[in-house]
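K.L.:
Structure in structure tokens, see below.
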Amino acid sequence: MSAYSILAKYYDALMGDFDYDGYFEFIKGRLSGEGVDLACGSGEMTIRLAKDGRKMIGADLSGEMLNVATLKAKKMALDVKWVNLDMTQIELSHPVDFITCVCDGVNYISGNDLSKFLDRVYGLLKTDGKLIFDISTPYKLEKILGDNLFCEDLDDVTYIWSNALGDGYVDMDIDFFEKIEGDTYRRIEESHRQYTHSVDFIKSCLAKWQVEIYDGETYGKPKDKSKRLIFIATKS
């Protein structure tokens, strides 16, 4: 089964500890005008940016995730354009003021493709345009997630998440046990791969940008054991 086909249904519940509000407060003053939120998922950041007055496009590879995002925006009467696409192949009819990619989207791009992706984004931005993205750090992927097993029992679904650390990536296999009726469940499997990217490698890919890097939990100076890093890159 394709990634996020079942996860979309429970994504927001499983991501309940992700600090979307704090993240938004940290970046909102840097962004204005028209923007694209890549790997937008269920639209949490896209909707916050749109609600705060920006003209937004939300793009994601998962149609199921976009369905969730569309319903949210419709309930809020927000005019957001949702596009189903692979973010590494994004094309726009005109340059935009900013592009965001929140919550690990860049970890889904291999090292061989990352430089090409960032060059593509560079060409889609106006001069002085902003690219804001984050990564799960090598420390998190290798020391916290890699070769470990996680599970959680929610009201309507239980999941078992097992990871296998490879050379420069982590493979994630998730088994969902979705409650159907009474004590009846159905099992659904999903698989994901996230790539590890060092700060030095990302900085080398951003050589023609002006770059700031922040800890993704404190929004302050990065630490050796930062689990998430936020990159704010400005097109020169």
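Its first residue numbered 43, the sequence shown is counted upward by one per residue in our numbering. By construction, the Cβ of each residue, glycine as well, lies at the ideal position given by its N, Cα and C atoms. Only a predicted model underlies this, so the values are computations on that prediction, with no experimental measurement involved.
With distances taken between CB atoms, is the gap from LEU196 to ALA50 smaller than 8 Å?
P.N.:
No, the pair does not count as a contact, with Cβ atoms beyond the cut-off.
K.L.:
Could you check what DSSP says for GLU133 in three-state terms: helix, strand or coil?
P.N.:
Coil, per DSSP.
K.L.:
What residues in its chain sit with their C-beta under 7 Å from that of ARG228, if we drop five residues either side in the sequence?
P.N.:
Cβ neighbours of ARG228 beyond the five flanking positions: GLU220, ILE222.
K.L.:
With a threshold of 16 other CB atoms inside 10 Å of the CB of THR179, please say whether the residue is buried or exposed.
P.N.:
THR179 should be labelled buried.
K.L.:
Can you give me the C-alpha to C-alpha distance between LEU160 and LEU248, rounded to a whole angstrom?
P.N.:
Their Cα atoms are separated by approximately 7 Å.
K.L.:
Please determine, among LEU207, ALA206, ASP215, the residue with the shortest C-alpha to C-alpha distance to GLU231.
P.N.:
That would be ASP215, whose Cα lies nearest to the Cα of GLU231.
K.L.:
According to DSSP, simplified to helix, strand and coil, what is LYS290?
P.N.:
Missing from the structure shown is residue 290; the chain here goes from 43 to 278 and no further.
K.L.:
First and last residue of the beta strand (DSSP E) that includes TYR100?
P.N.:
First, the residue type needs correcting, since residue 100 is Gly and not Tyr in the sequence shown. Note, GLY100: beta strand (DSSP E), 97-102.
K.L.:
Is the beta carbon of VAL253 sitting closer than 8 Å to the one on LYS245?
P.N.:
A contact, by the Cβ cut-off of 8 Å.
K.L.:
Since TRP124 contacts LEU134 with CB under 8 Å, what's their CB separation in whole angstroms?
P.N.:
Rounded, the Cβ-Cβ distance is 15 Å, inconsistent with contact.
K.L.:
Looking at the strands, I want to know which residues DSSP matches up with ASN205.
P.N.:
MET214, per the DSSP bridge assignment.
K.L.:
Could you check where the beta strand (DSSP E) with ILE274 kicks off and where it finishes?
P.N.:
Element bounds for ILE274: 270-277.
K.L.:
With a cut-off of 8 Å on the beta carbons, I'd call VAL144 and TYR65 a contact; round off their distance for me.
P.N.:
The pair is a contact, with the Cβ atoms about 7 Å apart (cut-off 8 Å).
K.L.:
Taking only three categories from DSSP, how would you classify ASN195?
P.N.:
Asn is not the amino acid found at residue 195; the sequence shown has Asp there. Note: ASP195 maps to strand in three-state DSSP.
K.L.:
Enumerate in chain order the residues of its own chain whose CB-to-CB distance from ILE32 is below 8 Å, with the five nearest sequence positions on each side excluded.
P.N.:
Within the shown structure, residues of the chain are numbered from 43 to 278, placing residue 32 beyond reach of any answer.
K.L.:
Round the Cβ separation of LEU91 and GLY71 to the nearest angstrom and send it over; I've been treating them as touching at under 8 Å.
P.N.:
About 12 Å; that fails the 8 Å criterion.
K.L.:
By how many angstroms is the C-alpha of GLU67 removed from the C-alpha of THR260?
P.N.:
Using only the alpha carbons, I get a separation of about 12 Å.
K.L.:
May I ask you to report which of helix, strand or coil DSSP gives CYS247?
P.N.:
Correct three-state label for CYS247: helix.
K.L.:
Give the DSSP-derived three-state secondary structure of LYS221 in the structure shown.
P.N.:
LYS221: strand per DSSP, three-state reduction.
K.L.:
Can the beta-carbon of LEU73 be found closer than 8 Å to that of ARG96?
P.N.:
Closer than 8 Å, so yes.
K.L.:
Under the three-state reduction of DSSP, which class applies to ALA81: helix, strand or coil?
P.N.:
In this structure, ALA81 counts as coil in the three-state DSSP scheme.
K.L.:
Taking the Cβ atom as the reference point for each residue, do ASP102 and CYS82 lie within a distance shorter than 8 Å?
P.N.:
A contact, by the Cβ cut-off of 8 Å.
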